[in-house]
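Residue numbering for the sequence shown follows this note's numbering, starting at 100 and increasing by one per position.
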Amino acid sequence: MSILITGGAGFIGSHTAVEFLNAGYDIVVADNYYNSSPKALDRIKEITGKDFRAYEVDLCDKDALEKVFIENPDIDSAIHFAGLKAVGESVQKPGMYYYNNLVSTLNLVELLGKYTEDTDGSRTEFVGAIDMYTVENK
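Below, the structure written as structure tokens:
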């Protein structure tokens, strides 16, 4: 089984990728490199000595994200770091930030439900900066 790390070339995502690889997990990284660089993925491989699958994909493009799930049927969970978060830019472009952060999350949750064992959507966990929330759908 593999963990999908969205935004895996960013600061937090790349550090998370290193930790999961060092702990023996298989990962798949999806990033559009809006505020990161594919060079970070080379550094992850250099630090860990391990290879992994990586995709340049915008999570707002549901068809492109679905291709990641189709090509990697072993994905069984995801950690979502692909949100936009620059304060100054978010003030200048609030609509872009709202759209990206909402649509990317909705696409990811929908495709996780479609392609993982939680096909009935009965259990979805959201992890925030401080707390973790579990939603039991009835």
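Backbone N, C-alpha and C define an ideal beta-carbon position, used for all residues, glycine too.
Helix, strand or coil for residue 175 per DSSP?
Strand, per DSSP.
Taking the Cβ atom as the reference point for each residue, do residue 103 and residue 177 lie within a distance shorter than 8 Å?
Inclusion of residue 103 and residue 177 in the CB contact set at 8 Å is warranted, their separation being smaller than that value.
I'd like to know whether the C-beta atoms of residue 156 and residue 129 end up nearer to each other than 8 Å.
For the pair residue 156 and residue 129, the CB atoms are nearer than the 8 Å cut-off.
Where DSSP assigns a beta bridge to residue 216, which residues make up the other side?
The beta-bridge partner set that DSSP reports for residue 216 is empty.
Should residue 110 go down as buried or exposed, given a rule of 16 or more other Cβ atoms within 10 Å for buried?
By the neighbour-count rule (16 or more Cβ atoms within 10 Å), residue 110 is not buried but exposed.
May I have the straight-line CA-CA distance separating residue 211 from residue 175, to the nearest angstrom?
The straight-line gap from Cα to Cα measures roughly 8 Å.
So does residue 194 have its beta carbon nearer than 7 Å to some heavy atom of the ligand MN?
This structure simply doesn't include the ligand MN, nor any ligand for that matter.
Best match in 162, 172 and 182 for proximity to residue 101 [C-alpha to C-alpha]:
When only C-alpha atoms are compared, the closest one is 172.
CB-CB length for residue 200 against residue 187, believed under 8 Å:
About 16 Å separates the two Cβ atoms, so there is no contact after all.
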